[in-house]
Amino acid sequence: MLIPRVPVQHRRLLPDRRLSGPTPWIVAILMMLTLLAAAAGVGLARAANAIGDAIAGRVTVQIVTANPMTRAAQAAALRRAADTAPFVRSARTVEREELQAMLGQWFGSAEGDDPLLRSLPLPALVDIDFVGGDRAGAMAALEALVAREAPGARIIPHAEWLGPVARLIRSLAWIAAGLVLLMTLASAAVVIMTARAALGTHYATIEMLHLIGATDRQIARLFQRRIAIDTAYGIALGSLVAAAILLLVGWQWSGVTAGLAATASLGPVGWALLLALPLLAIALAALTARQTLLAALKKML
Amino acid sequence: MTDAAPMRPGGAMVEFSGVGLRYGPDAEVLSDISFNLQPGSFYFLTGASGAGKTSLLKMLYLAQRPSRGIVRLFGEDLVAMPRHRLPGFRRRIGVVFQDFRLIPHLSARDNIALPLRIAGVGEADLAGPVGEMLSWIGLGERADAFPPTLSGGEQQRVAIARAVIARPQLLVADEPTGNVDPDMAMRLLGLFEALNRLGTTVVVATHDIHLISRIENAQMMRLEKGRLSDPTGALRYPPNRA
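What follows is the structure, encoded as structure tokens:
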């Protein structure tokens with residue numbers, strides 16, 4: 332039971348005023364930060380996984396033969412051969428216009444119709460996605476295919492240049508997980524301090540209750556209930572603010588449809604985790620308060 | 017919950033043998049204390065301030081373990097008793113503190129009901145005994161008053177009512193008349209005497225030598241510099257009251 336049941340008459344043993352003063356507010360702030368860090372961690376982890384999946388099985392074959400006719404022919408032959416290869420999920424020739432448009436952003440010509448740009452000897456590119464499973468075997472088979480259809484072409488695994496980005500994102504996700512852990516520990520520390528302060532404030536009442544035959548469990552339940560309610564208020568407030576922030580960010584994020592940012596989302600598991608965190612926090616607070624109280628009461632006769 | 021076992025018939029309610037008590041590394045505040053308290057008896061504990069009366073009472077009401085010696089209560093060794101068994105014994109002891117120790121945010125009624133509630137008595141079964149007790153101490157009209165609004169004598173009576181409502185087998189009172197006028201002191205003593213007639217063993221610590229003569233058959237324990245004075249041996253080898 333997260334908040335223990337205590338008869339109404341027993342609850343009056345503690346004064347009506349809040350035990351812990353600033354505790355609900357501190358817990359609210361910590362809970363909000365915990366949820367935001369958890370959301371960031373989940374989003375980044377999912378983005379890193381999505382990028383990892385995308386780049387792990389993707390290569391670009393770069394054909395740099397000097398003769399443009401030969402280059403185009405080799406690209407077309409490679410594309411046809413790849414389309415029928417069992418280890419290839421999909422193959423796509425990157426059109427010259429697409430390359431020119433991309434380069435145009437650096438040449439100051441967004442449309443790619445710059446005469447200088449058109450005069451550049453651009454390589455022919457073929458993007459190939461492998462089917463899952465034996466990636467090393469697929470790579471070896473592709474190398475054989477390229478050697479046959481486009482001798483001299485380079486195979487560029489996307490993991491070579493996107494891998495560090497995925498690792499960076501994954502590191503950020505781990506940092507977010509670390510922050511969640513640290514803030515959880517900080518919340519537990521707040522509960523411990525609150526429990527000890529409550530025991531100090533009400534020492535005379537506790538001593539009296541002991542002397543008339545109250546057990547440690549009876550006394551601990553009184554304080555545990557009050558501390559659990561205080562922290563539950565804080566957790567609810569922090570969760571509401573965090574939910575509002577996440578919804579706002581999610582609404583703005585929904586407009587991002589391209590690039591790496593589009594791969595970041597919470598997903599059903601992420602949302603379930605975020606919903607479970609406040610309940611876990613209340614349980615942790617109640618358990619921490621109970622253990623702190625019982626340990627302190629055991630030091631009394 | 018492990019409750020205390022019933023006392024064997026004819027046995028002493030309290031047995032102290034060679035008991036010493038020291039706080040920390042200091043010298044003993046009580047030394048070589050040995051006595052037996054018989055069920056249904058009335059005892060006065062006297063001695064000068066600082067003689068160790070409160071320390072002795074603390075061991076009687078289980079707020080303090082001795083540093084050495086043997087203490088048996090209701091036939092069981094309390095020195096070696098595990099802590100979790102103490103609440104069961106404490107429920108058989110009523111305590112009246114010199115400074116009352118009422119819970120200030122509880123009404124007189126709730127303060128008196130506290131031992132029964134702690135013992136798990138249901139609300140339906142509480143109203144009768146608490147009402148009777150309030151009438152007995154003459155505070156029926158002030159049942160809902162809070163301790164800070166009660167006079168010293170009224171607070172003392174509430175403290176006594178709280179100590180006796182669960183019909184304890186042993187009642188321990190530390191200077192119960194120290195804060196009240198002589199008339200009230202006699203009335204409170206009358207309450208203790210009435211309880212004693214109902215079978216409760218009573219131990220009253222007091223400076224007031226005049227009180228002692230008011231109770232017939234009361235025995236006296238005198239503490240001098242942490243040692244119990246018992247020249248007649250009546251405490252160590254009490255007469256059989258059967």
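For the protein sequence lines, the chains are B and P, in the order given. Per the working numbering: the first sequence = residues 332 to 632. Per the working numbering: the second sequence = residues 17 to 258. A virtual CB, placed ideally from N, CA and C, is assigned to each residue, including glycine.
Subject >> Buried or exposed by the 16-neighbour rule on C-beta atoms within 10 Å, applied to valine 100 of chain P >> reply: The displayed chain sequence assigns histidine, not valine, to residue 100 of chain P. Flag for histidine 100 of chain P reads exposed.
**OP:** For the beta strand (DSSP E) holding glycine 110 of chain P, just list the boundary residues, first then last.
**Re:** Per DSSP, the continuous beta strand (DSSP E) segment holding glycine 110 of chain P begins and ends at 109-112.
**OP:** State yes or no: is the beta carbon of glutamine 54 of chain P nearer than 8 angstroms to at least one beta carbon in chain B?
**Re:** Judged by the 8 angstroms Cβ criterion, glutamine 54 of chain P is not in contact with chain B.
Original post:
So with Cβ pairs under 8 angstroms, would you call proline 163 of chain P a contact of chain B?
Top reply: No, because no Cβ of chain B sits closer than 8 angstroms to the Cβ of proline 163 of chain P.
Original post:
Are there 16 or more other CB atoms within 10 angstroms of the CB of glutamine 583 of chain B, so buried, or fewer, so exposed?
Top reply: If you draw a 10 Å sphere on the C-beta of glutamine 583 of chain B, you find fewer than 16 other C-beta atoms in it, and that means exposed.
Subject >> Within chain B, the residues that tyrosine 77 of chain P reaches when beta carbons sit closer than 9 angstroms >> reply: Within chain B, the C-beta atoms nearer than 9 angstroms to that of tyrosine 77 of chain P come from Leu542, in chain order.
**OP:** Would you please verify whether the beta carbon of leucine 553 of chain B is less than 8 angstroms from any beta carbon of chain P?
**Re:** No, its Cβ sits nowhere closer than 8 angstroms to a Cβ of chain P.
**OP:** Assuming leucine 187 of chain P and valine 137 of chain P form a contact by the criterion Cβ under 8 angstroms, report the distance between their Cβ atoms to the nearest whole angstrom.
**Re:** About 19 angstroms separates the two Cβ atoms, so there is no contact after all.
Original post:
Which residues of chain P have a Cβ atom closer than 9 angstroms to the Cβ of threonine 623 of chain B, listed in chain order?
Top reply: Neighbourhood of threonine 623 of chain B in chain P, by CB distance below 9 angstroms: empty, with the nearest CB roughly 18 angstroms away.
Original post:
Considering only residues of the same chain and omitting the five flanking positions on each side of alanine 379 of chain B, which have a CB-CB separation below 7 angstroms?
Top reply: Residues Ala497, Ile500, Arg501 and Ala504 of the same chain have their beta carbon placed closer than 7 angstroms to that of alanine 379 of chain B, with the five preceding and five following residues left out of the count.
**OP:** Confirm the yes/no value for this check: CB of asparagine 398 of chain B, any heavy atom of the ligand SAH, distance under 7 angstroms.
**Re:** No copy of the ligand SAH appears in this structure; indeed no ligand is present at all.
Original post:
In chain P, what lies closer than 9 angstroms to leucine 632 of chain B by C-beta?
Top reply: Ordered by position in chain P, the residues that pass the 9 angstroms Cβ test against leucine 632 of chain B are Leu78, Ala79, Gln80, Arg81, Arg99 and Leu102.
Original post:
Of all the alpha helix (DSSP H) runs that stay within the bounds of the segment 107-160 of chain P, which reach a length of 4 or more residues?
Top reply: Complete alpha helix (DSSP H) runs here, min 4: 124-134 and 139-152.
Subject >> Beta-carbon proximity check, tyrosine 77 of chain P vs isoleucine 109 of chain P, cutoff 8 angstroms >> reply: Contact annotation: tyrosine 77 of chain P and isoleucine 109 of chain P have beta-carbon atoms nearer than 8 angstroms.
Original post:
For the candidate residues P:Pro82, P:Asp126, P:Pro131 and P:Ile181, whose alpha-carbon lies nearest to that of phenylalanine 162 of chain P?
Top reply: Considering only alpha carbons, the answer is P:Asp126.
**OP:** Could you tell me which chain P residues have their CB closer than 7 angstroms to the CB of threonine 536 of chain B, listed as they occur along the chain?
**Re:** The answer, in chain order, is Ile119.
Original post:
Does any C-beta atom of chain B lie closer than 8 angstroms to the C-beta of isoleucine 134 of chain P?
Top reply: Closer than 8 angstroms: yes.
Original post:
Counting along the chain, where does the alpha helix (DSSP H) carrying phenylalanine 438 of chain B start and finish?
Top reply: First-last of the alpha helix (DSSP H) with phenylalanine 438 of chain B: 427-438.
**OP:** Return the first residue and the last residue of the alpha helix (DSSP H) that asparagine 212 of chain P is part of.
**Re:** Here the alpha helix (DSSP H) through asparagine 212 of chain P covers 198-213.
Original post:
Hey, is the segment 355-373 of chain B in contact with the segment 479-491 of chain B, meaning 3+ C-beta pairs nearer than 8 angstroms?
Top reply: They do not touch, by the three-pair rule.
Original post:
How should serine 259 of chain P be labelled, buried or exposed, when 16 other C-beta atoms within 10 angstroms of its C-beta is the threshold for buried?
Top reply: Limits of chain P in this structure are 17 at one end and 258 at the other, which puts residue 259 of chain P out of reach.
**OP:** Note down the Cα distance separating alanine 20 of chain P from proline 82 of chain P, rounded to an integer number of angstroms.
**Re:** At alanine 20 of chain P, the pLDDT of 49 sits below 50, so the modelled position is not reliable and the matter cannot be decided from this model.
Original post:
With 16 other CB atoms within 10 Å as the buried threshold, where does threonine 525 of chain B fall?
Top reply: When all chains shown are included, threonine 525 of chain B counts as buried.
**OP:** Kindly say whether proline 192 of chain P, judged by its beta-carbon, lies nearer than 8 angstroms to any beta-carbon of chain B.
**Re:** Interface residue (Cβ-Cβ distance to chain B less than 8 angstroms): proline 192 of chain P is not classified as such.
Subject >> Neighbourhood of glutamine 185 of chain P by C-beta distance below 6 angstroms, restricted to the same chain and skipping five residues each side >> reply: Annotation for glutamine 185 of chain P: Arg108 place their beta carbon closer than 6 angstroms to its own, counting only its chain and skipping 5 residues before and after.
Original post:
Which term fits aspartate 115 of chain P, buried or exposed, when burial requires 16 or more other beta carbons within 10 angstroms of its beta carbon?
Top reply: That one is exposed.
Original post:
Three-state secondary structure (DSSP) at methionine 236 of chain P?
Top reply: If DSSP states are grouped into helix, strand and coil, methionine 236 of chain P belongs with the strands.
Original post:
With 16 other CB atoms within 10 Å as the buried threshold, where does phenylalanine 51 of chain P fall?
Top reply: Burial call: buried.
**OP:** Kindly indicate which three-state DSSP category arginine 8 of chain P falls into: helix, strand or coil?
**Re:** What is shown of chain P runs 17 to 258, which leaves residue 8 of chain P out entirely.
Subject >> Straight-line gap, threonine 18 of chain P to alanine 545 of chain B (C-alpha atoms, nearest Å) >> reply: Here threonine 18 of chain P scores only 39 on pLDDT, less than 50, and its place in the model should not be relied on; the value that follows carries that caveat. Between threonine 18 of chain P and alanine 545 of chain B, the C-alpha separation is close to 13 angstroms.
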